[in-house]
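Trainee: Taking my numbering, I'd label the letters of the sequence shown as residues 2 to 308.
For every residue, glycine included, the Cβ atom is placed at its ideal position computed from N, Cα and C.
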Amino acid sequence: MRPRVPFLVVVSLVAVLMAGCSASPAAPREASPTSTSACAAASSLPSGETTRLSLTVAGEDRLFDVHVPAGHDGTTPSPLILGFAGYRAPVGELEREVGLNDSGAVVVYPQPASSAVGTGWQGAPYSSGADDVAFTTAVLDDVESRLCIDTARVFAAGMSNGGGFVSLLSCALPERIAAFAVVSGAVYPATNPPCPDARPVPVIEFHGTADDVIPYDGGTRHDAGVVPVTLWLSQLVARNGCTPEPRSETVSTGVEKQSWTGCRDHGALVHYRIDGGGHVWPGAPGSGEHVDATTLIETFFTAHPLP
Numbered sequence: 002m003r004p005r006v007p008f009l010v011v012v013s014l015v016a017v018l019m020a021g022c023s024a025s026p027a028a029p030r031e032a033s034p035t036s037t038s039a040c041a042a043a044s045s046l047p048s049g050e051t052t053r054l055s056l057t058v059a060g061e062d063r064l065f066d067v068h069v070p071a072g073h074d075g076t077t078p079s080p081l082i083l084g085f086a087g088y089r090a091p092v093g094e095l096e097r098e099v100g101l102n103d104s105g106a107v108v109v110y111p112q113p114a115s116s117a118v119g120t121g122w123q124g125a126p127y128s129s130g131a132d133d134v135a136f137t138t139a140v141l142d143d144v145e146s147r148l149c150i151d152t153a154r155v156f157a158a159g160m161s162n163g164g165g166f167v168s169l170l171s172c173a174l175p176e177r178i179a180a181f182a183v184v185s186g187a188v189y190p191a192t193n194p195p196c197p198d199a200r201p202v203p204v205i206e207f208h209g210t211a212d213d214v215i216p217y218d219g220g221t222r223h224d225a226g227v228v229p230v231t232l233w234l235s236q237l238v239a240r241n242g243c244t245p246e247p248r249s250e251t252v253s254t255g256v257e258k259q260s261w262t263g264c265r266d267h268g269a270l271v272h273y274r275i276d277g278g279g280h281v282w283p284g285a286p287g288s289g290e291h292v293d294a295t296t297l298i299e300t301f302f303t304a305h306p307l308p
């Protein structure tokens, strides 16, 4: 994975550049930081480390890991990224493999509850039945009470089952989470509900055409239907009010970027179609893909704070 400019540095550079330039439709928006009450006090978690925390939701003890970036002074509002791992993923795997901790943001890794067949997120056929939307809300409340967070720059990214849950969060918590990233997403009907009253949302998505776990063209997994990527994208196009046909460009060997324009009310949609790509996080060690999803996600998040 290539070296990256930390998230907070990018946010600062955007502010400087926009101060000296006239606005354009393609320019990243600069939101005034909306800070939490914890900005008035010293950070309660050590910087440069990952701390495991717990809370009780609906009578069940739940765990989540919080990585505070080195140099976090506890008084400057920081972006926050929620990272959701896939079905049965070992604890800590997402944190180790994809490099979100290098972003300069506070990164939170909630842990899914266990069912009889393993750990999984709400909406998947193998989930425990726990209300993970309520859990996510409780996690945000807890972290924002401990750390100085810019609440206009709270984001969610997920892999596989975690990506499907991020799809659900885009419908359930669009007023709390600014933008969403789905990687090789396991989108089942229950993670893709209609949400006609929700705001348009910025979404970036990556999927390989040779994914044999969550097929690009849909299918059946765990006795449940998998929503085809193209259908899921078309529903987001309609929700966001974007121009129906995307602009396409080849950005790397076998990687096509599709971007929809004309989206209303700060909505945005970008899809990376990876020809022959498998069920991986592109750019992670061993992925073999010619695109760095983490860098692209961080850039996308920087451009899309809450309106």
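#1: Who are the Cβ neighbours of E246 in its own chain at under 7 Å, not counting the five residues just before and after it?
#2: With a CB to CB cut of under 7 Å and the five nearest residues on each side skipped, what residues in its chain are close to C264?
#3: Taking the CB atoms as reference points, tell me whether A125 and A187 lie closer together than 8 Å.
#4: Nearest by alpha-carbon distance to V108: which of H272, A239, S168, E299 is it?
#5: For P203, write down the residues that DSSP places opposite it in a beta bridge.
#6: Just to confirm, are S44 and H73 a CB contact at a threshold of 8 Å?
#7: Which residues in the same chain have their Cβ closer than 8 Å to the Cβ of D1, if we skip the five residues on either side of it in sequence?
#8: Along the alpha helix (DSSP H) that carries I298, what are the first and last residues, could you check?
#9: How should A24 be labelled, buried or exposed, when 16 other C-beta atoms within 10 angstroms of its C-beta is the threshold for buried?
#10: Expressed to the nearest angstrom, what Euclidean distance is found between the alpha-carbon atoms of L297 and H223?
#11: On the criterion of 16 or more Cβ atoms from any shown chain inside 10 Å, does D151 qualify as buried, or is it exposed?
#12: Could you round the C-beta distance between P190 and V134 to whole angstroms and report it? I think they count as a contact, below 8 Å.
#13: Starting from A239, trace the alpha helix (DSSP H) in both directions and tell me its first and last residue.
Mentor: Quick look at the numbers:
#1: Position 245 of the sequence shown holds residue 246. Closer than 7 Å at the Cβ level, and outside the excluded window around E246, lies no residue.
#2: Taking the first residue of the sequence shown as position 1, residue 264 is located at position 263. P201, N241, G242, C243, L270, listed in sequence order.
#3: To locate residue 125, count along the sequence shown from 1; it is residue 124. To locate residue 187, count along the sequence shown from 1; it is residue 186. In this structure, A187 lies closer than 8 Å to A125 by Cβ.
#4: Taking the sequence shown and counting its residues from 1, the one referred to as residue 108 is at position 107. The shortest C-alpha separation from V108 is found at E299.
#5: Counted from its first residue, the sequence shown places residue 203 at position 202. Paired residue(s): A269.
#6: The sequence position of residue 44 within the sequence shown is 43, counting from 1. The sequence position of residue 73 within the sequence shown is 72, counting from 1. Yes. Within cutoff.
#7: What the structure shows of the chain is the stretch from 2 to 308, and residue 1 is not part of that stretch, so it cannot be assessed.
#8: As a working note, residue 298 is residue 297 in the sequence shown. Taken as a continuous stretch (DSSP letters only), the alpha helix (DSSP H) holding I298 covers 294–304.
#9: Counting from 1 along the sequence shown, the entry for residue 24 is found at position 23. Residue placement at A24 is flagged as unreliable, the pLDDT there being 36, under the threshold of 50; the coordinate-derived value follows with that caveat. So A24 counts as exposed.
#10: Residue numbering aside, residue 297 sits at position 296 when the sequence shown is read from its first letter. Residue numbering aside, residue 223 sits at position 222 when the sequence shown is read from its first letter. One C-alpha to the other measures close to 31 Å.
#11: For this step, residue 151 is matched to residue 150 along the sequence shown. Result: buried.
#12: Taking the sequence shown and counting its residues from 1, one reaches residue 190 at position 189. Taking the sequence shown and counting its residues from 1, one reaches residue 134 at position 133. At roughly 16 Å, the Cβ-Cβ gap does not stay under 8 Å, so P190 and V134 are not in contact.
#13: Reading the sequence shown from its first residue, position 238 is the one you call residue 239. Segment 230–241, the alpha helix (DSSP H) holding A239.
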